[in-house]
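Chemist: Right, I'll just put the structure down here and ask away after.
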Amino acid sequence: MSSRPRILVFDPSDQATAALQSLSDQVDVVRAQTAEQGLELLQQGGFEGICTGEPDPLDGATPPTSGLRILSDLSAGVAIVDARLNLVWFNQAFINFSPRGPRVGENIYDALDSPNNEGPDFCPFLDCLGGRTTARSRLHLPSGCELEAVVQPLPGADASSSHALCLLRDVTFEVRDREKLFALQQAGMELSNLDPEELSRMSIQERIDLLKANILQYSRRILNFSNLEIRLLDPRTRHLEILLSEGMGAREEDEPLLAEPQGNGVTGFVAATGTSYLCEDVLNDPLYIPGAVDARSSLTVPIVSYDRPIGTFNVESPEPRHFSDSDREFLELFTREIAVALHVLDLLREEKRVAGSASIEAIAGEIGVPTDEILTDAIALLEAIDDGDDTSNLDREVAKRLIENARTIKSSIQRAYKTLEATYAGNEPNEQLPLAGRRVLLVDSDQSIRRSAHGLLSRVGCEVVTAKEGREALALLKIGRYDVVIGDIRLPDMNGYEFFGQVRSVFSETPIILMTGFGYDSTHSLVKARQEGLRVVLYKPFRFDRLREAIEDALDPSRQTARPRTAQRIRI
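Numbered by our numbering, the letters in the sequence shown go through residues 1117 to 1688 in order.
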């Protein structure tokens, strides 16, 4: 048997054979007259090379395998299989996809280590050999490699051909990117999808802790980030407060950073500009401030809500140039989901705050008026004792205790409201509001007005006492100090001007506000009181903001002069 190399010639003409005559003493030339014959010879093996003839461009004929020389050099894997799916021919790239190395005559699936077919065509070779033009499948190899398989009839072969051409392309990174994108979308849904029953049992801090735990879990599992830091922007101070920090041991957790482009590191720059920043080598980047231990590269993206930066997400790695534009794109997608989750959390916090505030206001309104009546009754009892009525000292002590207990009840309600407001606003309970601690005395015969004053003013930390007539109000003023007195111009026992005059005669420094509806002022109380120094008038029915402004104007006259005069006469 000859030991010379065998060359298979695919060409029905003598052109290729003539070209190899000069090599006849070195190689054995085997000619294939048809495509089927050539493929059968290839399947038998033993050829060191393949030669194809060049077609005449004028005759329109293309040898069935004239592209094999080109296919051999493709980076994509190419193989020809027969009707039993056995390999007839394959190129070098196909060999790289086979863990053991393919053999001619071996089943193509065995050569690829029995991959899982992910569809869409689950029998691509049978579909193609059965008459279908093209079939496509995605093959998942045990090694983790993902291949896109495109199967079609052998080009140039007749309809009766029992061979198919398979093109394999490595789509591992594309598939992983799609899977990562899908996982991020699912993670985003999970971040915002909180069970209502579970939420009802969780405090605000527990909800924040749950969100932080989920963000950390998804960052590790999907994005493979281990050293990360999330900061949220305080719009009032421009400080970037830490929400979550993992693996940032070198940075002081209380290190102040501002949303400024200079002097606050990459984090401050990103928060100020709303632009992502990829630091490929921290040793050569002037913006970088040390974070994770031995960090050599970092990636920082803004957390944006409604086109406004609300925070930053920073990740770091001990390897230079570790992060890519793909990492940046995926992290930007993830921060969008985080922004949505934070927004939902804020809405839930606000909803709970409003619900709690409404409950406290309702309680304050319902309890406030009866408590005020207890207070006025106790004062009346105390006045009767002081007028010399025949009562024991015990009655006097009882009256004092009634007054003290009524005030204690009202103070307790106010403290509960301040704590509730601070809890849901994220502030310290002792953070002061402009009117916090101010004592307000409101006098009106309409119980609904008195109840409304209790509920509304409790929002801003005021301590409210109400009375239904002028005489009760004057008695309350004698035993306690009030920062503001608000009185209606139509009281059961006196008109507004009389009430204004009696209060001013005894308590000249106490600011007074007169209230009126939009009916006719038959006693001309407002005109007379203005001539005596009345500065602020409140029109009923009043809204919270107008009531608050009226009190602030009474306490600080400079506010009233700065505001247009017409503002006092807006119906609310």
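For every residue, glycine included, the Cβ atom is placed at its ideal position computed from N, Cα and C.
With I1495 and I1595 assumed to form a contact (beta carbons below 8 Å), what rounded beta-carbon distance in angstroms separates them?
Modeler: Confirmed, about 6 Å.
Chemist: Hey, out of M1631, N1343, D1401, N1611, whose CA is closest to R1659's CA?
Modeler: M1631
Chemist: Under a three-way DSSP split, which group does N1207 fall into?
Modeler: coil
Chemist: Per DSSP, L1339 forms a beta bridge with which residues?
Modeler: DSSP output for L1339 lists no bridge partner at all.
Chemist: Going by the CB atoms, is the gap between S1421 and H1459 shorter than 8 Å?
Modeler: yes
Chemist: Smallest Cα separation from E1445: which of R1662, E1585, T1391?
Modeler: T1391
Chemist: Using alpha carbons as the reference points, say which of L1332, T1383, G1193 lies closest to C1282.
Modeler: G1193
Chemist: Note down, in chain order, each residue of its chain lying with its Cβ closer than 8 Å to the Cβ of N1343, except the 5 sequence neighbours on either side.
Modeler: E1362, G1363, M1364, G1407, A1408, A1411, V1431, E1432, S1433
Chemist: As a quick exercise: from V1600, L1332, P1258, T1383, pick the residue whose alpha carbon is nearest that of I1405.
Modeler: T1383
Chemist: Between G1221, D1286, S1259, S1278, which lies nearest to S1253 when the distance is taken from Cα to Cα?
Modeler: D1286
Chemist: Please report the distance separating the alpha-carbon of F1206 from that of G1221.
Modeler: Their Cα atoms are separated by approximately 11 Å.
Chemist: For F1623 and L1593, which I take to be in contact (beta-carbon distance under 8 Å), what is that distance rounded to the nearest angstrom?
Modeler: Right, the Cβ-Cβ distance comes to about 6 Å (below 8 Å), so this counts as a contact.
Chemist: Can you tell me which residues form a DSSP beta bridge with Y1083?
Modeler: With the chain represented from 1117 up to 1688, any question about residue 1083 goes unanswered, as that position is not in the structure.
Chemist: For R1200, count the other beta carbons within 10 Å of its own beta carbon; 16 or more makes it buried, fewer makes it exposed. Which is it?
Modeler: exposed
Chemist: Provide the residue(s) that pair with P1425 in DSSP beta bridges, ordered along the chain.
Modeler: Per DSSP, V1420.
Chemist: For T1249, does the count of other Cβ atoms within 10 angstroms reach 16, so buried, or fall short, so exposed?
Modeler: It counts as exposed.
Chemist: What are the start and end residues of the beta strand (DSSP E) that includes Y1655?
Modeler: 1652-1655
Chemist: Put H1570 into one of helix, strand or coil per three-state DSSP.
Modeler: helix
Chemist: With G1617 as the anchor, note down where its alpha helix (DSSP H) starts and where it stops.
Modeler: Taken as a continuous stretch (DSSP letters only), the alpha helix (DSSP H) holding G1617 covers 1612-1622.
Chemist: Mind checking which residues open and close the alpha helix (DSSP H) that includes C1244?
Modeler: 1240-1245
Chemist: For R1336, which residues of its own chain have a beta-carbon under 7 Å away from its beta-carbon, when the five flanking residues on both sides are left out?
Modeler: S1342
Chemist: Here's a check: name, in chain order, each residue in its chain whose Cβ is nearer than 8 Å to the Cβ of E1395, leaving out the five neighbours to either side.
Modeler: The question names Glu, yet the displayed sequence has Cys at residue 1395. For C1395, where only same-chain residues beyond five positions count, the Cβ hits under 8 Å are V1382, D1401, L1403, Y1404, S1413, S1414, L1415, T1416.
Chemist: Taking the alpha-carbon of A1670 as reference, which of V1266, H1640, R1651, I1224 has the nearest alpha-carbon?
Modeler: R1651
Chemist: So the candidates are A1299, D1397, D1229, G1427; which of them puts its Cα closest to the Cα of L1360?
Modeler: G1427
Chemist: Determine the DSSP secondary structure at L1257, reduced to helix, strand or coil.
Modeler: coil
Chemist: Which same chain residues, not among the five before or five after E1448, have their C-beta less than 7 Å away from its C-beta?
Modeler: Counting only Cβ-Cβ distances below 7 Å, and skipping sequence neighbours, we find S1392, V1417.
Chemist: Thinking C-beta only, is L1551 closer than 8 Å to C1578?
Modeler: L1551 sits close to C1578, with the two beta carbons spaced by under 8 Å.
Chemist: Measure the alpha-carbon distance for L1245 versus P1269 and round it to whole angstroms.
Modeler: 7 Å
Chemist: Count the other C-beta atoms from every protein chain shown that fall within 10 angstroms of the C-beta of F1241, then say buried if there are 16 or more, exposed otherwise.
Modeler: buried
Chemist: How far does the beta strand (DSSP E) with S1361 in it extend, from its first residue to its last?
Modeler: 1356-1362 is the extent of the beta strand (DSSP E) around S1361.
Chemist: Could you tell me if F1289 is buried or exposed, where buried requires 16 or more neighbouring beta carbons within 10 angstroms of its beta carbon?
Modeler: Counting the other CB atoms within 10 Å of its CB gives F1289 a total below 16, which places it among the exposed residues.
Chemist: Where does E1453 sit, in a helix, a strand or coil, going by DSSP?
Modeler: helix
Chemist: Can you tell me which residues form a DSSP beta bridge with Q1268?
Modeler: L1281
Chemist: Return the chain-ordered list of same chain residues with a C-beta closer than 6 Å to the C-beta of Y1334, the five sequence neighbours on each side being excluded.
Modeler: A1303
Chemist: Taking the Cβ atom as the reference point for each residue, do I1628 and V1601 lie within a distance shorter than 8 Å?
Modeler: yes
Chemist: When DSSP builds the beta bridges, which residues end up paired with E1262?
Modeler: H1256
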